[in-house]
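Undergrad: Numbering-wise, the sequence shown is residues 1 to 373 according to our numbering.
Virtual Cβ for every residue (Gly too), placed ideally from N, Cα, C.
Remember, predicted model here, so these are calculated numbers, not experimental data.
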Amino acid sequence: MNLDLQGIFDALLEGVVVLDDDGRVEFSNGEARRLLDTALEGSAGKHLADTLGPEHPLSRIVERVRQSGRPAIHDEVEFPRRLAMPLPVDVSISLLGDEPVGPGTARPLAVTFRDRSASRSLREEIRERERQESYGHIAAGIAHEVKNPLGGIRGAAELLSLDAKDERSKKSANLIVGEVDRISGLVDELMVFARGEELNLEGVNIHEPLDALLDLLELERGYGEIRVERTFDPSLPELLADGARLQQVFLNLARNAMQAMEETGGTLTLSTRMTLEHRVVGPDGRPRPTIEVVVADTGPGIPPDILDRLSTPFFTTKPRGTGLGLSVARHWIRQHGGRLRLDSFEGEGTRAAVDLPLAPTVLPTDAATRERT
1 MNLDLQGIFD ALLEGVVVLD DDGRVEFSNG EARRLLDTAL EGSAGKHLAD
51 TLGPEHPLSR IVERVRQSGR PAIHDEVEFP RRLAMPLPVD VSISLLGDEP
101 VGPGTARPLA VTFRDRSASR SLREEIRERE RQESYGHIAA GIAHEVKNPL
151 GGIRGAAELL SLDAKDERSK KSANLIVGEV DRISGLVDEL MVFARGEELN
201 LEGVNIHEPL DALLDLLELE RGYGEIRVER TFDPSLPELL ADGARLQQVF
251 LNLARNAMQA MEETGGTLTL STRMTLEHRV VGPDGRPRPT IEVVVADTGP
301 GIPPDILDRL STPFFTTKPR GTGLGLSVAR HWIRQHGGRL RLDSFEGEGT
351 RAAVDLPLAP TVLPTDAATR ERT
């Protein structure tokens, strides 16, 4: 068997970088270049600190190992990326060769690191699921205590409207009816977390709900100074999904994006692609490739402390917002076995990415082959 050593290392799920005793890059594999945001492209023979920058977390860890002469293991180091949130990575550094080990020892180093974003996402997903369950219990209690009285209030207000002697009294009664309907609608939205509604699963072309939501947005408010860009992959297979629920998800995300650009204008971008990078775990416990749907805006961006709270029901930064749109969207994404990722940079905009798993029958050929092995 003719084995290509570079090909073998490029097939590994771990990033591998070998440094000589002067800290110069002798070797790197494909995963290392991906995790380091392609910074290692053309780096052979260059010092790692010159390639990544001396303040890069990996440069600093390598320098500490070179100074101490001792191997090191670091969990969930944050690797910065140019166009996305930092990537959590486990780093391990070993000293190569047989020379005595000690402070200041000049030894070649083997640096390995693994992407931990999937396990971090899983932990966050478990915490989110627990929060959603608690919201469900609260919602059930609210529905019982609020919905029944609301029905009586609405009925009384309708009678007042019918018996009104003047226009002002009629208008006031109709206002009560409208507010009761608004509160009732909020309770219905919150009940999404309490009801175990089943999805109406069927073959869905992901681009159909996206095209439909653009038509809805134009009817609702028009685009004004907002430009729409669509980058759709026409080769994507159908998803086994509830098309109506997905349309609601993407409509909520697109409305948020449009509202972020109301004052300044900008670009609303919708894109789709198949990806092996952002996998989700299927019902059988195996990681599945996904169709990634991105809704992005060029608005002012969201501060990190607010971004972390956006999926909390009733949390909103909008004067008349309900704070339920994103929570409901995340709920329906989870019901499809998917995941919502939010990235935002102040002054640049916000990017919402939805990862929806492919069914085993429509896995891409290389992924399906790996599943059988």
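What's the C-alpha gap between Q67 and L236?
TA: Cα to Cα, Q67 sits roughly 51 Å from L236.
Undergrad: Answer yes if the region 291 to 302 comes into contact with the region 262 to 272, meaning at least three C-beta pairs across the two stretches below 8 Å, and no otherwise.
TA: In short, these stretches touch, since the Cβ pair count reaches three.
Undergrad: Reducing DSSP to helix, strand and coil, say where I226 ends up.
TA: Residue state, collapsed to three classes: strand.
Undergrad: Under the DSSP definition of a beta bridge, which residues are partnered with I93?
TA: Beta-bridge pairing links I93 to A72 and V111.
Undergrad: By the three-class DSSP mapping on this structure, what secondary structure does R339 have?
TA: Residue state, collapsed to three classes: strand.
Undergrad: For L358 versus P289, is the C-beta spacing smaller than 8 Å?
TA: Cβ distance < 8 Å, so L358 and P289 count as in contact.
Undergrad: In its own chain, which residues sit with a C-beta less than 7 Å from the C-beta of E208, not counting the 5 before and 5 after it?
TA: Result list for E208: G243, in chain order.
Undergrad: Taking contact to mean at least 3 C-beta pairs separated by less than 8 Å, is the region 212 to 226 in contact with the region 165 to 185?
TA: Too few Cβ pairs lie closer than 8 Å, so no.
Undergrad: Please classify R107: is it buried, with 16 or more other beta-carbons within 10 angstroms of its beta-carbon, or exposed?
TA: Label assigned to R107: buried.
Undergrad: Tell me, to the nearest whole angstrom, how far the beta carbon of G23 is from that of A44; I am working on the premise that it is less than 8 Å.
TA: The Cβ separation is near 13 Å, so there is no contact.
Undergrad: Once DSSP output is grouped into helix, strand and coil, what is the label at E14?
TA: Reduced to three states, the DSSP call for E14 is coil.
Undergrad: Start and end of the beta strand (DSSP E) containing A352?
TA: Segment G349 to P357, the beta strand (DSSP E) holding A352.
Undergrad: Just how far apart, CA to CA, sit R116 and P88?
TA: Between R116 and P88, the C-alpha separation is close to 5 Å.
Undergrad: Out of curiosity, what's the CA-to-CA distance linking L150 and S344?
TA: Roughly 39 Å separates the two Cα atoms.
Undergrad: Select from S172, D181, S119 and R168 the residue whose C-alpha is nearest the C-alpha of K147.
TA: Selected option, being the one with the closest Cα: D181.
Undergrad: Measure the alpha-carbon distance for E41 versus R245 and round it to whole angstroms.
TA: Going from the Cα of E41 to the Cα of R245 covers about 42 Å.
Undergrad: According to DSSP, L240 sits in a beta bridge with which residue or residues?
TA: L240 is bridged to G203.
Undergrad: Over the uninterrupted alpha helix (DSSP H) stretch that includes E31, give me the two end residues.
TA: Taken as a continuous stretch (DSSP letters only), the alpha helix (DSSP H) holding E31 covers G30 to L35.
Undergrad: Could you tell me the boundaries of the alpha helix (DSSP H) in which I153 lies?
TA: Per DSSP, I153 belongs to the alpha helix (DSSP H) from N148 to D163.
Undergrad: For E346 versus G301, is the C-beta distance shorter than 8 Å?
TA: In contact: E346 and G301 (Cβ atoms closer than 8 Å).
Undergrad: If you draw a straight line from the C-alpha of V362 to the C-alpha of G203, how long is it?
TA: Any reading at V362 must be qualified, since the residue scores a pLDDT of 49, below 50, and its modelled position is unreliable; no value is offered.
Undergrad: In terms of residues, what are the limits of the alpha helix (DSSP H) holding A49?
TA: Run containing A49: L48 to L52, per the alpha helix (DSSP H) assignment.
Undergrad: Between V16 and the rest of its own chain, which residues show a CB-CB distance below 8 Å, the 5 nearest in sequence each way excluded?
TA: Once the five neighbours on either side are set aside, the close Cβ partners of V16 are F9, F27, S28, N29, E31, A32, A110, V111 and T112.
Undergrad: So, with DSSP's three-state summary, where would you put G7?
TA: G7 falls in the helix class under three-state DSSP.
Undergrad: For R64, collect the residues of the same chain with a Cβ closer than 6 Å to its Cβ; drop the 5 residues on either side in sequence, then sort them by chain order.
TA: There are no such residues.
Undergrad: Let me know the secondary structure DSSP gives A106 once reduced to three states.
TA: In the structure shown, A106 sits in coil (DSSP, three-state: anything other than H, G, I, E or B).
Undergrad: Between which two residues does the alpha helix (DSSP H) carrying P304 extend?
TA: Segment P304 to L307, the alpha helix (DSSP H) holding P304.
Undergrad: Going by C-alpha distance, which of L253, I206 and D4 is nearest L324?
TA: Cα-wise, what sits closest to L324 is L253.
Undergrad: I need the straight-line Cα distance from D233 to P54, nearest angstrom please.
TA: Taking the straight line joining both Cα atoms gives about 39 Å.
Undergrad: Looking only at DSSP bridge pairs, what is E292 linked to?
TA: BP columns for E292 point to R273 and D355.
Undergrad: Helix or strand or just coil, what does DSSP make of P209?
TA: Correct three-state label for P209: helix.
Undergrad: Quick one: measure Cβ to Cβ for L19 and V62, integer angstroms, because I've assumed they're closer than 8 Å.
TA: Rounded, the Cβ-Cβ distance is 7 Å, consistent with contact.
Undergrad: One question on the structure: do V91 and T51 come within less than 8 Å of each other, judged by their Cβ atoms?
TA: No, Cβ-Cβ distance for V91 and T51 is not below 8 Å.
Undergrad: Using the Cα positions of A257 and P304, report the straight-line distance between them to the nearest angstrom.
TA: Whole-angstrom Cα-Cα distance: 17 Å.
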